[in-house]
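Residue numbers (UniProt numbering), protein chains in the order written: chain A, 1 to 441; chain B, 1 to 197.
Heads up, the beta-carbon is just placed ideally off N, CA and C, and yes, glycines get one too.
Contents: one structure, followed by commentary.
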């Protein structure tokens, strides 16, 4: 199928909105979308959702002879596939340019950074080594494939366990998972890619571009960094001229983002580990909510409704929606029932369980899903303590220090101050929304 | 093709329809061109006397240069690639590519034609469009209390909105997209918050 063309009107509107620093989904310029990590029942299988962009990662291993010029190192193999279900424009065999670019980026990010210790994958030097294969599948394309793919890749690698091996003289014994617990891979650090989209010849910058924004961007800068602030890969495409200051600033923003995402990944991995140990249920059946065919689901998003005329600022949330809720099932005639009941809408029950969750950090819940919401990781009570001096964290905003490209100090300050006012005035909205967000998943 | 949905019924109206009607109100996002539907299309090519217009179906529709009000062989409509067009299908069946016109049977445009340059286009499900097009739709009435705006609804799931500022346009876009999932009560609350500031 051909991809839907972008009309002039959309392009113009998006560029105008970016000039006014407005994004379609109400994010700020440096905000990431919600990152959600869920694990499958197999070791090494995970799905990462960055907003609506979804990537599935699966790691597998095999014993093979090593490469002749590297007899003591294991083999790593990375593969990213753009599934036709991701976007109408993707067809098997088409999209070679984008595919090659993404694959190369993933390879450079994960292989060249030496995040995995390949020497530890050697079993018998020159004869048998482990080949670790990482398969990434893009399930839905809503912009910023590379970030989602890099997160999925590193999470799957950290989650994976390979069979234990012992070598006694000439004999090599590979233990099954029943005999001995599988062993994790030896991973030194976690490189994560962060994408920056540039507009109007580098004047405006957006972090984590969505699909619409990607279509109108001039250029893209991808920086892969780990939490120790080491840059693993940096790539600029689109042919825009970047000033040295811009690149430095981007790398500072990257450091902040990577720290947050790494923390989220650690928590998700720990949680999954805990659930597995306790013998609870794990896997996609638990973590991905039951979606009925006619159920539409949308996340709540903060839409900034600055009424320009009145100069009053307010935050509004589009309600976190269950699908069409009918009071009771309706039978039209014998044999004809009404289809289309949405997900159960028991806000009351879920709110209580959420409070417990927040307090005990998922002690009760068996769901191994995490959302990268700064508000949500804190207790509900601590949210209200935001000081006026700190740059404000709207629930989608994740950074403590906002680093902006252009030295416009004044607008930024007014924004944070007024935002803090609205934070104080519309407190009712926040807890409600947060809980709704949790409930929807 | 089988579809699932609510079974609806309309009584025999006074003089309007001949007898009542039953139909299945199904819900989907993918549009299939049907003759007589008014849709919003994006011009993708100008080729040999007709424009090629993407309407979201499997084939692109063709729109002749002369199918505009006041168009003659010498007086061509000013349409560029990437413009938005609001027109209706003359012919749309599964055997051939659909044909669109921006003119009705009496030669007048009656609101069809090129859609203005500003504003924003976005996509929703077909069920929401039908709900919005129903006479006396509550959503539209409630929204119009907020800010003045222009709205074009295409049966192919595309909506074009234009309000005075980018901010207001974004608000309307987000509300319309969320209307699919909100109940009437939630929508009223959201709108009350918006207008109450």
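Query                                                                                                                                                                         : Result
Spatial neighbours of residue 24/B within its chain, please: C-beta separation below 8 Å, excluding the five flanking residues on both sides.                                 : 3, 4, 5, 6, 7, 8
To the nearest whole angstrom, what separates the beta carbons of residue 48/B and residue 89/B, a pair I think is in contact under 8 Å?                                      : That belief does not hold up - the Cβ atoms of residue 48/B and residue 89/B are roughly 20 Å apart, past 8 Å.
Would you say residue 84/A faces chain B, with C-beta separation under 8 Å as the test?                                                                                       : no
Under 8 Å, do residue 165/A and residue 123/A count as touching if we go by C-beta distance?                                                                                  : yes
Is the beta carbon of residue 125/B closer than 8 Å to that of residue 27/B?                                                                                                  : yes
Between residue 509/A and chain B, is the shortest Cβ-Cβ distance under 8 Å, so that the two count as touching?                                                               : Summary: the structure shown does not reach residue 509/A, with chain A confined to residues 1 through 441, and so no result is reported for it.
Under 8 Å: do the region 36-44 of chain A and the region 153-165 of chain A share three or more Cβ pairs, one atom per stretch?                                               : yes
Taking the straight line between their C-alpha atoms, what separation do you get for residue 70/A and residue 57/A?                                                           : 27 Å
Quick check: what's the CA-CA separation for residue 216/A versus residue 29/A?                                                                                               : 15 Å
What does DSSP give as the partner residue(s) for residue 58/A in the beta ladder?                                                                                            : 45/A, 135/A
Would you list, in chain order, the members of the region 112-129 of chain B that have their beta-carbon closer than 9 Å to a beta-carbon of chain A?                         : 115, 116, 117, 118, 119, 120, 121, 122, 123, 125
How many whole angstroms separate the CB atoms of residue 43/B and residue 51/B, which I take to be in contact at a CB cut-off of 8 Å?                                        : 5 Å
For residue 153/B, collect the residues of the same chain with a Cβ closer than 7 Å to its Cβ; drop the 5 residues on either side in sequence, then sort them by chain order. : 129, 132, 133, 159
Suppose you measure from the CA of residue 155/B to the CA of residue 87/B; what does that come to, to the nearest Å?                                                         : 10 Å
Cβ of residue 7/A less than 8 Å from any chain B Cβ?                                                                                                                          : yes
What are the start and end residues of the beta strand (DSSP E) that includes residue 38/B?                                                                                   : 38-47
Using DSSP's beta-bridge definition, name the partner residues of residue 81/A.                                                                                               : 137/A
What do you get for residue 93/B, buried or exposed, if any count of 16 or more other CB atoms within 10 angstroms of its CB means buried?                                    : exposed
Which whole-angstrom value describes the C-beta separation of residue 114/B and residue 95/B, a residue pair presumed to lie in contact below a C-beta threshold of 8 Å?      : Contact flag wrong, Cβ pair sits at about 29 Å.
Would residue 188/B be called buried (16 or more neighbouring beta carbons within 10 Å of its own) or exposed?                                                                : exposed
Please state whether DSSP places residue 165/A in a helix, a strand or coil.                                                                                                  : strand
According to DSSP, simplified to helix, strand and coil, what is residue 13/A?                                                                                                : helix
Between the alpha carbons of residue 105/A and residue 85/A, how many angstroms are there, rounded?                                                                           : 22 Å
Alpha carbon to alpha carbon, what distance is there between residue 165/B and residue 17/A?                                                                                  : 10 Å
Consider the Cβ of residue 198/A: report whether some Cβ of chain B lies at a distance smaller than 8 Å.                                                                      : no
Under 7 Å Cβ to Cβ from residue 172/B, same chain only, skipping five residues before and after it: list those, please.                                                       : 143, 149, 161, 163
For the region 61-79 of chain A against the region 130-139 of chain A, are there 3 or more C-beta pairs whose distance is under 8 Å?                                          : yes
Less than 6 Å between C-beta atoms, sequence neighbours within five positions excluded: which residues of the same chain meet that for residue 12/A?                          : none
Whole angstroms are fine: how far does the CA of residue 123/B sit from the CA of residue 178/B?                                                                              : 12 Å
Quick check: the region 190-209 of chain A against the region 18-27 of chain A, are there 3 or more CB pairs under 8 Å?                                                       : yes
Please confirm if residue 13/A has its CB atom under 8 Å from at least one CB of chain B.                                                                                     : yes
Report yes or no: is there a C-beta of chain A within less than 8 Å of the C-beta of residue 44/B?                                                                            : yes
Could you check whether residue 225/A and residue 192/A sit closer than 8 Å to each other, using their CB atoms as the reference points?                                      : yes
To the nearest angstrom, report how far apart residue 68/A and residue 142/A are at their CA atoms.                                                                           : 42 Å
Would you verify that the beta carbon of residue 80/B is, or is not, closer than 8 Å to some beta carbon of chain A?                                                          : yes
Could you name the residues of chain B that residue 213/A contacts, counting a contact when the two beta carbons are closer than 8 Å?                                         : In chain order: nothing, as chain B lies at least about 13 Å away.
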